[in-house]
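A.B. asks:
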Amino acid sequence: KDDKQDSDVLYTEAELQACVDKIELIDYHQTISVANGLKFHALNAGHVLGAAMFLLEMGGRTVLYTGDYSMEDDRHLMAAEIPNVKPDVLMVESTYGVQVHASRAERESRFTGTVERVVSRGGRCLIPVFALGRAQELLLILDEYWQDNPQLQSIPIWYASKLASRALRVYQTYANMMNARIRAQMDVGNPFAFRHIRNLKSIDVNAFDECGPSVVFASPGMFQSGVSRQLFDRWATDPKNVFLKLRVMLLKILSPKKL
9 KDDKQDSDVL
19 YTEAELQACV
29 DKIELIDYHQ
39 TISVANGLKF
49 HALNAGHVLG
59 AAMFLLEMGG
69 RTVLYTGDYS
79 MEDDRHLMAA
89 EIPNVKPDVL
99 MVESTYGVQV
109 HASRAERESR
119 FTGTVERVVS
129 RGGRCLIPVF
139 ALGRAQELLL
149 ILDEYWQDNP
159 QLQSIPIWYA
169 SKLASRALRV
179 YQTYANMMNA
189 RIRAQMDVGN
199 PFAFRHIRNL
209 KSIDVNAFDE
219 CGPSVVFASP
229 GMFQSGVSRQ
239 LFDRWATDPK
249 NVFLKLRVML
259 LKILSPKKL
């Protein structure tokens with residue numbers, strides 16, 4: 009049994025630490041020279057807090073490399089920066105490269121409208137999220153919507169992720185890296201001190217008080233295990249309940265009628 013467990017381990021804790029020790033922190037726009045004339049600097053990618061794209065220069069040629077990015081401001085982040093030079097080569101994440109998305113306002117309206125319809129009929133709305141990224145954006149959207157709609161304020165919104173609650177503290181610390189909207193709110197208060205969203209301190213699903221309608225943000229976002237999967241398994245038999253899977257604010261609705 010022990011041999012089998014050892015064979016399933018892809019890397020040891022010591023190997024992981026050795027990798028972490030090689031990480032060097034850099035700032036946006038800080039030029040790093042590597043070797044043989046290769047240099048690069050990081051630009052804001054606008055995807056999640058700290059996300060970066062990299063402009064590499066060598067021999068008079070430039071390459072822009074980026075993973076996920078966003079070209080528009082959202083509730084808390086600035087849009088991706090545009091380099092001041094036209095790159096010779098662009099390497100880019102392109103999952104939605106051939107799709108035309110609805111406007112942000114339309115996507116947000118569909119999201120909030122769906123949540124309201126579910127809870128207004130007495131159902132529970134489960135939203136699996138990753139700890140970092142869309143969770144913070146969705147929490148801001150829903151907290152603002154609850155504030156603007158007093159008839160919903162008796163319905164609880166829960167946030168069930170220990171890692172995500174720690175991520176919120178990071179967001180609060182680095183609010184100066186966010187867009188003008190958040191920085192202006194920081195002058196009068198903490199925009200991440202939500203008025204209508206409570207952290208679910210106990211992640212014990214069996215101890216969760218599920219009386220009446222509610223909204224629950226739960227990790228993991230891929231829904232393969234953990235709290236999000238456990239709640240889905242418990243709630244899926246009730247046709248009033250709905251599971252919302254959001255990917256870059258593309259809304260997928262899964263209810264027991266569609267199972």
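9 is the number of the first residue of the sequence shown in the working numbering; add one for each residue after it. For every residue, glycine included, the Cβ atom is placed at its ideal position computed from N, Cα and C.
Out of ALA188, HIS55, GLY131, which one is the CA nearest neighbour of GLU271?
C.D. replies: With the chain running from 9 to 267 in the structure shown, residue 271 is simply not present.
A.B. asks: If you drop the 5 nearest sequence neighbours on each side, which residues of the same chain put their C-beta closer than 6 Å to that of PRO164?
C.D. replies: Position 156 of the sequence shown, counted from the first residue, corresponds to residue 164. The answer, listed in chain order, is SER222.
A.B. asks: Inspect the beta-carbon positions of ASN198 and TYR167 and report whether they are closer than 7 Å.
C.D. replies: Taking the first residue of the sequence shown as 1, we reach residue 198 at position 190. Taking the first residue of the sequence shown as 1, we reach residue 167 at position 159. The answer is no: Cβ separation not under 7 Å.
A.B. asks: Classify ASN6 as helix, strand or coil using the three-state DSSP reduction.
C.D. replies: Any answer about residue 6 is impossible in this case: the structure gives the chain only from 9 up to 267.
A.B. asks: Between which two residues does the beta strand (DSSP E) carrying ILE149 extend?
C.D. replies: Taking the first residue of the sequence shown as 1, we reach residue 149 at position 141. First-last for ILE149: 142 to 156, but that is the alpha helix (DSSP H), not the beta strand (DSSP E).
A.B. asks: Measure the CB-CB distance between MET66 and LEU98 and report whether it falls below 7 Å.
C.D. replies: If you number the sequence shown from 1, residue 66 lands on position 58. If you number the sequence shown from 1, residue 98 lands on position 90. It is not a contact, given that the beta carbons lie outside the stated cut-off.
A.B. asks: In or out: LYS9 buried (at least 16 other Cβ within 10 Å) or exposed?
C.D. replies: Here residue 9 is taken as the residue at index 1 of the sequence shown, counted from 1. Caution applies to LYS9, whose pLDDT of 45 falls short of 50 and renders its modelled position unreliable; the model cannot decide the point.
A.B. asks: In three-state DSSP terms, what is SER169?
C.D. replies: Your numbering for residue 169 matches position 161 in the sequence shown. Reduced to three states, the DSSP call for SER169 is coil.
A.B. asks: Assign ASP16 to one of two classes, buried (16 or more other C-beta atoms within 10 Å of its C-beta) or exposed (fewer than that).
C.D. replies: For the purposes of this step, residue 16 is taken as residue 8 along the sequence shown, with counting starting at 1. The residue is exposed, with fewer than 16 neighbouring Cβ atoms inside 10 Å.
A.B. asks: For LEU46, does the three-state DSSP call read helix, strand or coil?
C.D. replies: On the sequence shown, residue 46 is found 38 positions in, with the first residue counted as 1. Here LEU46 sits in coil by DSSP.
A.B. asks: At the level of alpha carbons, what is the spacing between LYS253 and ALA192?
C.D. replies: Here residue 253 refers to the residue found at position 245 of the sequence shown. Here residue 192 refers to the residue found at position 184 of the sequence shown. Between LYS253 and ALA192, the C-alpha separation is close to 31 Å.
A.B. asks: Should TYR77 and ALA53 be called a contact, given that it needs their Cβ atoms to be closer than 7 Å?
C.D. replies: By one-based count along the sequence shown, residue 77 stands at place 69. By one-based count along the sequence shown, residue 53 stands at place 45. The answer is yes: Cβ separation under 7 Å.
A.B. asks: Taking DSSP as the reference, what is the three-state secondary structure of PHE225?
C.D. replies: Stepping through the sequence shown from its first residue, residue 225 is reached at position 217. Strand.
A.B. asks: Please specify which runs of the beta strand (DSSP E), each continuous and at least 3 residues long, are wholly inside the region 53 to 104, giving them in chain order.
C.D. replies: With a minimum length of 3 residues, the continuous beta strand (DSSP E) runs that stay inside the region 53 to 104 are 60 to 66, 69 to 74, 97 to 100.
A.B. asks: Among ALA201, HIS49, TYR182, which one has its Cα closest to the Cα of ASP35?
C.D. replies: As a working note, residue 35 is residue 27 in the sequence shown. For the residues ALA201, HIS49, TYR182, the minimum Cα distance to ASP35 belongs to HIS49.
A.B. asks: Please name the residue in LEU148, ASN92, ALA59 whose C-alpha comes closest to that of ALA201.
C.D. replies: Sequence index remark: in the sequence shown, residue 201 carries index 193 (1-based). Closest option to ALA201, Cα to Cα, is LEU148.
A.B. asks: Give me the residue from ILE190, ALA175, LEU85 with the minimum Cα distance to LEU140.
C.D. replies: The count along the sequence shown starts at 1 and reaches residue 140 at position 132. Out of ILE190, ALA175, LEU85, ALA175 has the C-alpha closest to the C-alpha of LEU140.
A.B. asks: How is TYR19 classed by DSSP in three states: helix, strand or coil?
C.D. replies: Position 11 of the sequence shown holds residue 19. Coil.
A.B. asks: If we call anything under 7 Å between Cβ atoms a contact, is VAL224 one with LEU150?
C.D. replies: Counting from 1 along the sequence shown, the entry for residue 224 is found at position 216. Counting from 1 along the sequence shown, the entry for residue 150 is found at position 142. No; because the gap between Cβ atoms is not below 7 Å, this pair is not in contact.
A.B. asks: Please report the distance separating the alpha-carbon of TRP243 from that of VAL127.
C.D. replies: Locating residue 243 in the sequence shown gives position 235, counting from the first residue. Locating residue 127 in the sequence shown gives position 119, counting from the first residue. Roughly 14 Å separates the two Cα atoms.
A.B. asks: Classify CYS27 as helix, strand or coil using the three-state DSSP reduction.
C.D. replies: Counting from 1 along the sequence shown, the entry for residue 27 is found at position 19. Three-state DSSP puts CYS27 in a helix.
A.B. asks: Could you pull the start and end residues of the beta strand (DSSP E) that ARG132 belongs to?
C.D. replies: Counted from its first residue, the sequence shown places residue 132 at position 124. Unbroken beta strand (DSSP E) run through ARG132: 132 to 136.
A.B. asks: To the nearest angstrom, how far is the alpha carbon of ASP195 from that of GLN159?
C.D. replies: For the purposes of this step, residue 195 is identified with residue 187 of the sequence shown, where counting begins at 1. For the purposes of this step, residue 159 is identified with residue 151 of the sequence shown, where counting begins at 1. Between ASP195 and GLN159, the C-alpha separation is close to 29 Å.
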